[in-house]
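Chains as they are written, first to last, in my numbering: chain G, 26 to 316; chain P, 26 to 316; chain A, 26 to 316; chain R, 26 to 316. Some notes on the structure that comes next.
4 protein chains.
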Amino acid sequence: MKVGFVGLGAMGLPMAKNLIKAGHSLTVWNRTSAVAQQLEPAGAQVAATPAGACQGEILITMVSDDSVLEELFFGEPQVMASLPPGAIHLSMSTISPAESTRLSKAHAKAGSIYVSAPVFGRPDAAAGAKLLIVAAGPATAIDRCRPIFSALGPKTLTVGENPSAANVFKISGNFLIASVIECLGEAFALLRKSGVDPRLFLETMTGGLFAAPVYKGYGALILEENPESVGFSVRLGLKDVKLVLSAGETASVPMPVANVVRDHLIEAMARGWQDRDWSSLTRVVAADVGL
Amino acid sequence: MKVGFVGLGAMGLPMAKNLIKAGHSLTVWNRTSAVAQQLEPAGAQVAATPAGACQGEILITMVSDDSVLEELFFGEPQVMASLPPGAIHLSMSTISPAESTRLSKAHAKAGSIYVSAPVFGRPDAAAGAKLLIVAAGPATAIDRCRPIFSALGPKTLTVGENPSAANVFKISGNFLIASVIECLGEAFALLRKSGVDPRLFLETMTGGLFAAPVYKGYGALILEENPESVGFSVRLGLKDVKLVLSAGETASVPMPVANVVRDHLIEAMARGWQDRDWSSLTRVVAADVGL
Amino acid sequence: MKVGFVGLGAMGLPMAKNLIKAGHSLTVWNRTSAVAQQLEPAGAQVAATPAGACQGEILITMVSDDSVLEELFFGEPQVMASLPPGAIHLSMSTISPAESTRLSKAHAKAGSIYVSAPVFGRPDAAAGAKLLIVAAGPATAIDRCRPIFSALGPKTLTVGENPSAANVFKISGNFLIASVIECLGEAFALLRKSGVDPRLFLETMTGGLFAAPVYKGYGALILEENPESVGFSVRLGLKDVKLVLSAGETASVPMPVANVVRDHLIEAMARGWQDRDWSSLTRVVAADVGL
Amino acid sequence: MKVGFVGLGAMGLPMAKNLIKAGHSLTVWNRTSAVAQQLEPAGAQVAATPAGACQGEILITMVSDDSVLEELFFGEPQVMASLPPGAIHLSMSTISPAESTRLSKAHAKAGSIYVSAPVFGRPDAAAGAKLLIVAAGPATAIDRCRPIFSALGPKTLTVGENPSAANVFKISGNFLIASVIECLGEAFALLRKSGVDPRLFLETMTGGLFAAPVYKGYGALILEENPESVGFSVRLGLKDVKLVLSAGETASVPMPVANVVRDHLIEAMARGWQDRDWSSLTRVVAADVGL
Chain G
26 MKVGFVGLGA MGLPMAKNLI KAGHSLTVWN RTSAVAQQLE PAGAQVAATP AGACQGEILI
86 TMVSDDSVLE ELFFGEPQVM ASLPPGAIHL SMSTISPAES TRLSKAHAKA GSIYVSAPVF
146 GRPDAAAGAK LLIVAAGPAT AIDRCRPIFS ALGPKTLTVG ENPSAANVFK ISGNFLIASV
206 IECLGEAFAL LRKSGVDPRL FLETMTGGLF AAPVYKGYGA LILEENPESV GFSVRLGLKD
266 VKLVLSAGET ASVPMPVANV VRDHLIEAMA RGWQDRDWSS LTRVVAADVG L
Chain P
26 MKVGFVGLGA MGLPMAKNLI KAGHSLTVWN RTSAVAQQLE PAGAQVAATP AGACQGEILI
86 TMVSDDSVLE ELFFGEPQVM ASLPPGAIHL SMSTISPAES TRLSKAHAKA GSIYVSAPVF
146 GRPDAAAGAK LLIVAAGPAT AIDRCRPIFS ALGPKTLTVG ENPSAANVFK ISGNFLIASV
206 IECLGEAFAL LRKSGVDPRL FLETMTGGLF AAPVYKGYGA LILEENPESV GFSVRLGLKD
266 VKLVLSAGET ASVPMPVANV VRDHLIEAMA RGWQDRDWSS LTRVVAADVG L
Chain A
26 MKVGFVGLGA MGLPMAKNLI KAGHSLTVWN RTSAVAQQLE PAGAQVAATP AGACQGEILI
86 TMVSDDSVLE ELFFGEPQVM ASLPPGAIHL SMSTISPAES TRLSKAHAKA GSIYVSAPVF
146 GRPDAAAGAK LLIVAAGPAT AIDRCRPIFS ALGPKTLTVG ENPSAANVFK ISGNFLIASV
206 IECLGEAFAL LRKSGVDPRL FLETMTGGLF AAPVYKGYGA LILEENPESV GFSVRLGLKD
266 VKLVLSAGET ASVPMPVANV VRDHLIEAMA RGWQDRDWSS LTRVVAADVG L
Chain R
26 MKVGFVGLGA MGLPMAKNLI KAGHSLTVWN RTSAVAQQLE PAGAQVAATP AGACQGEILI
86 TMVSDDSVLE ELFFGEPQVM ASLPPGAIHL SMSTISPAES TRLSKAHAKA GSIYVSAPVF
146 GRPDAAAGAK LLIVAAGPAT AIDRCRPIFS ALGPKTLTVG ENPSAANVFK ISGNFLIASV
206 IECLGEAFAL LRKSGVDPRL FLETMTGGLF AAPVYKGYGA LILEENPESV GFSVRLGLKD
266 VKLVLSAGET ASVPMPVANV VRDHLIEAMA RGWQDRDWSS LTRVVAADVG L
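If you want it as structure tokens, here you go:
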């Protein structure tokens with residue numbers, strides 16, 4: 026397929042590589058063009074402008090947040106205009122449900138089609154084509170995207186025709202992860218101040234009821250306290266938690282545990298930890314009580 | 026061993042049966058004596074008073090909360106006095122760390138020994154001798170209790186000499202469980218109001234990062250919304266969350282997620298749901314937003 | 026002075042009238058032009074576009090939120106370009122500190138000057154020229170605005186050269202008001218469910234330590250429960266509380282009480298109360314516990 | 026009248042002096058007898074035991090918390106037995122509604138009468154006979170107490186026959202005070218980190234909508250940051266906030282702002298500030314964000 030790809034960050038770059046490997050013809054654009062040029066030897070075209078990446082059947086966006094899409098599709102009129110009639114904008118970033126809805130309506134008006142398909146998985150899963158994709162949008166459009174999906178991950182869930190549903194699904198997953206970090210942080214602080222080894226607690230819990238990768242992985246990360254190892258930064262964590270809260274507001278649902286996480290991430294920002302791993306929010310919890 | 030056993034509730038009764046089965050000689054006492062008499066055919070002695078159950082080497086208590094122990098050991102002077110010198114009070118209930126500390130000091134003064142050994146597991150695990158026991162207290166006293174432990178569960182953790190440590194460990198585990206219920210409740214409310222099927226979400230999450238019994242079990246329980254099935258009531262859940270908060274206060278650690286859970290359980294009480302399963306707190310979350 | 030005025034809502038219209046009365050020459054623009062035309066008999070010019078209101082020495086904006094200013098100054102390039110060199114944009118709306126900072130920088134680049142001057146007071150105070158104005162920006166620019174300020178209220182505070190400071194000041198004031206509503210709501214719920222008359226409580230408290238208009242006014246409003254009387258809607262209240270949280274995030278300060286208020290306002294939205302007075306959040310608090 | 030008085034702390038001592046001055050015949054008891062002996066020259070009898078203070082028509086208790094009354098009336102059987110038939114226990118301490126209810130029932134059973142009458146006012150108001158008294162209990166019993174009330178303050182409110190109502194009233198008042206401290210703390214942190222002088226903010230707010238002693242007094246106290254001046258300690262503040270939460274639980278009412286205050290007071294305890302003024306919770310808020 027002829028595919029445009031905008032956004033070659035930690036996730037976008039390995040995804041684009043996998044699409045090329047799968048035989049798709051890619052035209053790429055990235056804010057920092059040097060990254061885009063890395064893909065030329067593999068056969069990608071590098072577009073000079075975002076509009077230049079809009080010539081194919083599908084335009085994939087994998088950008089950092091709502092505001093980038095706002096700027097691309099509402100700030101620069103030529104991007105939307107450059108999409109051929111009936112082309113699909115396949116939006117794979119973690120963005121707000123509200124932004125998905127806004128884009129979906131704008132595409133409908135412009136004669137193009139919006140499909141929302143955020144992914145679960147970190148950069149290594151992107152590189153290994155092991156992403157879990159959650160797609161929502163018109164069924165026929167999703168079917169047209171399947172060759173893309175199959176190059177990126179083993180499994181694609183579809184959650185209906187309403188694009189924002191996929192974003193709520195993704196955001197809810199991130200919320201659960203954030204809540205695990207917070208609750209382990211609170212429990213570990215209680216245990217440590219009470220003279221109990223949190224390692225033994227973690228080992229015991231993950232040996233039974235809590236035998237899940239998210240507890241094992243984040244539990245170990247928190248106990249290591251290695252500020253060098255950054256899988257997902259405080260800054261991005263805060264962005265994600267704000268997406269949870271904004272999705273909650275759109276649906277008129279308070280998310281009190283997300284409030285707690287947000288406040289601890291803000292405290293982490295106040296300590297200058299914006300570039301540490303977001304599990305550092307547990308160090309805020311600890312520091313606040315003298316640990 | 027010659028063992029006294031006080032408290033034959035949903036947990037205590039099957040535990041006492043297993044101790045008899047293992048060959049220990051039991052003298053039991055229960056507030057409602059009819060329950061105690063059930064154990065007579067199996068060979069237990071039934072004491073007329075709590076003090077009457079204090080003649081052996083070990084006195085096990087398995088009661089509903091701090092206040093019962095307060096009354097037994099500080100309200101009725103003859104209980105403490107009836108324990109033979111060097112006897113062990115093996116306290117297996119889920120009580121506050123502060124109560125454990127208070128009892129530990131009182132026993133030291135009285136010439137007896139306090140061992141704290143709360144358990145993880147529901148009544149069926151108690152019946153099947155599959156409890157996970159977390160013990161803390163003087164090492165020699167814990168060793169003396171091992172024949173008891175081995176009759177109740179396959180595994181006993183020891184977490185040091187300070188009895189309250191075992192209670193903090195147990196309470197922290199309960200806190201994690203409560204947090205899972207709360208967070209699933211918030212996520213499901215968001216998903217439902219956004220038109221996404223929470224079943225698909227649960228299935229997806231527990232198929233990966235969240236592949237743990239606690240998410241599978243409570244997730245299913247929440248989605249079923251079967252008010253008849255009560256594993257652990259709202260009232261007891263509230264008691265447990267208050268233990269978390271009180272343990273936090275003793276250790277000077279705020280537990281903000283426990284506050285959130287407490288408030289939802291209180292709302293459940295306001296709705297008259299005190300005897301429903303504590304996962305009903307998620308129905309409060311749902312009802313508050315019109316679901 | 027020759028003054029442009031954009032935004033003739035419940036606050037803007039009476040403010041514009043007072044400026045005309047004070048002898049200033051006004052060119053006005055409003056999204057709904059019918060409202061602007063009301064001012065023609067009094068001597069105002071009506072501009073056909075926002076840019077048309079930018080010809081004077083000062084352009085006042087009194088709009089509903091950040092997004093309107095975003096659209097005016099960043100979405101429509103001709104607005105910024107139409108301001109004469111050295112002209113002042115006097116921004117009197119309740120907007121985020123971050124938006125003030127963004128506008129301030131953009132004006133500096135364009136050769137115009139940004140002054141932030143949000144106001145305390147409801148529409149009746151605007152009509153009576155009794156607004157309390159909180160101004161921040163370059164001292165010389167603030168001095169140039171004094172003839173404007175004196176036509177709108179008896180008192181203008183200045184809080185420094187940094188425009189966003191005035192917005193933080195205003196938002197913090199709104200936060201205190203919101204917190205009073207929330208806390209009265211919680212206290213009244215507790216009193217009512219305990220069989221104590223909240224009227225007597227309010228009367229007693231406001232007769233002593235709490236003898237302030239905010240407790241007397243909102244206390245009475247809450248106890249009346251007159252859904253028809255809407256001074257400030259739930260929807261606008263939610264906007265304001267989000268400004269508090271966003272200002273907190275910009276400054277890296279958690280605002281946990283604002284979280285509580287936000288969640289209750291969201292519940293009010295879920296009940297369809299978006300157009301009721303924002304003191305209705307106390308009815309959510311009451312309804313959640315069966316009152 | 027012949028009056029017993031138990032509890033001669035910072036509040037009780039000046040209250041007892043005023044009763045003697047008003048001509049009542051007092052028999053006093055205090056845990057530390059030296060304090061009781063101070064009242065002998067003024068004409069008070071000093072009892073050797075609490076029971077010894079129970080011989081009169083009225084027994085006043087002014088103690089630090091629930092647990093003291095628990096011990097007096099449920100731990101030492103002779104206290105209750107020593108009250109003459111028809112005597113009144115006038116309970117003026119700040120205690121939980123639940124404790125009032127428990128005492129009320131016990132007195133009814135024992136043939137004595139329980140009246141709850143907590144007070145608003147600090148030690149200086151107690152000394153100046155300027156306490157605001159909030160009384161609840163049987164109307165005839167309250168009438169019998171009026172000579173006592175008139176010696177202690179200019180005004181007594183009555184809030185019905187149910188004694189616990191008076192405690193809920195008092196506790197709700199303390200909750201409002203605590204909420205003011207918390208919210209000023211949050212607002213000041215936001216202002217300071219945004220470069221705005223909190224003094225100017227406080228002065229402005231208390232010059233208008235917030236012109237109440239509680240904002241002026243606590244605002245000044247917070248801005249002074251004088252750790253030597255302790256009107257009411259963190260430890261006692263925490264006790265009071267726990268009373269709010271416990272009253273909320275009894276009435277099935279969540280008090281989320283009280284949760285926030287409690288958590289900050291716990292953090293203050295973690296910093297070793299238990300004996301500082303409870304307004305120090307705002308220093309926790311500030312310290313958590315690097316101020």
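A virtual CB, placed ideally from N, CA and C, is assigned to each residue, including glycine. Given the structure is predicted, the values throughout are model-derived calculations rather than measurements.
Environment of residue i [buried if 16+ CB atoms lie within 10 Å]
| i | result |
| --- | --- |
| G111 of chain G | exposed |
| L316 of chain A | exposed |
| K134 of chain P | exposed |
| R171 of chain A | exposed |
| E274 of chain R | buried |
| G37 of chain G | buried |
| N251 of chain P | exposed |
| E292 of chain P | buried |
9 angstroms Cβ cutoff, residue i in contact with chain P
| i | result |
| --- | --- |
| M105 of chain R | no |
| G233 of chain G | yes |
| V184 of chain G | yes |
| A333 of chain G | Nothing in the structure corresponds to residue 333 of chain G, since chain G is present only between 26 and 316. |
Any C-beta of chain R under 9 angstroms from that of residue i
| i | result |
| --- | --- |
| A295 of chain G | yes |
Amino acids of chain R, ordered along the chain, whose beta-carbon sits closer than 9 angstroms to that of residue i
| i | result |
| --- | --- |
| E274 of chain P | L263, K267, R287, I291, M294 |
| F194 of chain A | L216, S219, V221, L225, F226, T229 |
Interface residues of chain R facing residue i [CB-CB closer than 8 angstroms]
| i | result |
| --- | --- |
| M280 of chain A | E211, L215 |
Residue closest to residue i, alpha-carbon to alpha-carbon, out of the options
| i | options | result |
| --- | --- | --- |
| E207 of chain P | P:R308, P:D90, P:A72, P:L84 | P:R308 |
| D288 of chain P | P:T275, P:W303, P:A276, P:A176 | P:W303 |
| V159 of chain G | G:A176, G:G136, G:V193 | G:V193 |
| T231 of chain R | R:L209, R:P102, R:A214, R:H132 | R:L209 |
| S219 of chain A | R:D300, R:A161, R:P102, R:L201 | R:A161 |
| V278 of chain A | R:A276, R:V282, R:E211 | R:E211 |
| P75 of chain R | R:V239, R:S271, R:T57 | R:T57 |
| I202 of chain G | G:T229, G:G48, G:F145, G:L227 | G:F145 |
Contacts that residue i makes with chain P (C-beta to C-beta distance below 7 angstroms)
| i | result |
| --- | --- |
| S277 of chain R | I291, M294, A295 |
| S204 of chain G | S204, C208 |
Proximal residues of chain A, C-beta to C-beta of residue i below 7 angstroms
| i | result |
| --- | --- |
| G315 of chain P | A295, R296 |
Residue i at chain A interface by Cβ criterion, 9 angstroms
| i | result |
| --- | --- |
| N187 of chain R | yes |
| M85 of chain R | According to the sequence provided, residue 85 of chain R is Ile. The question's Met does not apply to it. So no, I85 of chain R is outside the interface. |
| N251 of chain G | no |
Contact test: residue i Cβ vs the ligand ZN heavy atom, cutoff 8 angstroms
| i | result |
| --- | --- |
| A152 of chain R | The ligand ZN is absent from the structure shown, which contains no ligand whatsoever. |
Chain-ordered chain G contacts of residue i [CB-CB under 8 angstroms]
| i | result |
| --- | --- |
| F200 of chain P | C208, E211, A212, L215 |
9 angstroms Cβ cutoff, residue i in contact with chain G
| i | result |
| --- | --- |
| A154 of chain P | no |
Contact set between residue i and chain P, taken where Cβ atoms lie within less than 8 angstroms
| i | result |
| --- | --- |
| Y240 of chain G | A237 |
Chain A residues whose Cβ lies nearer than 8 angstroms to that of residue i
| i | result |
| --- | --- |
| L157 of chain R | T229, G233 |
Interface partners of residue i on chain R, CB under 7 angstroms
| i | result |
| --- | --- |
| P122 of chain A | S219 |
With a cut-off of 8 angstroms, do at least 3 Cβ pairs link the stretch 208–224 of chain R to the stretch 237–249 of chain R? yes
Cβ contact check for the stretch 106–122 of chain P and the stretch 175–194 of chain P: 3 or more pairs under 8 angstroms: yes
State whether the stretch 82–93 of chain A contacts the stretch 27–38 of chain A, with contact taken as three or more CB pairs (one from each stretch) at a distance under 8 angstroms. yes
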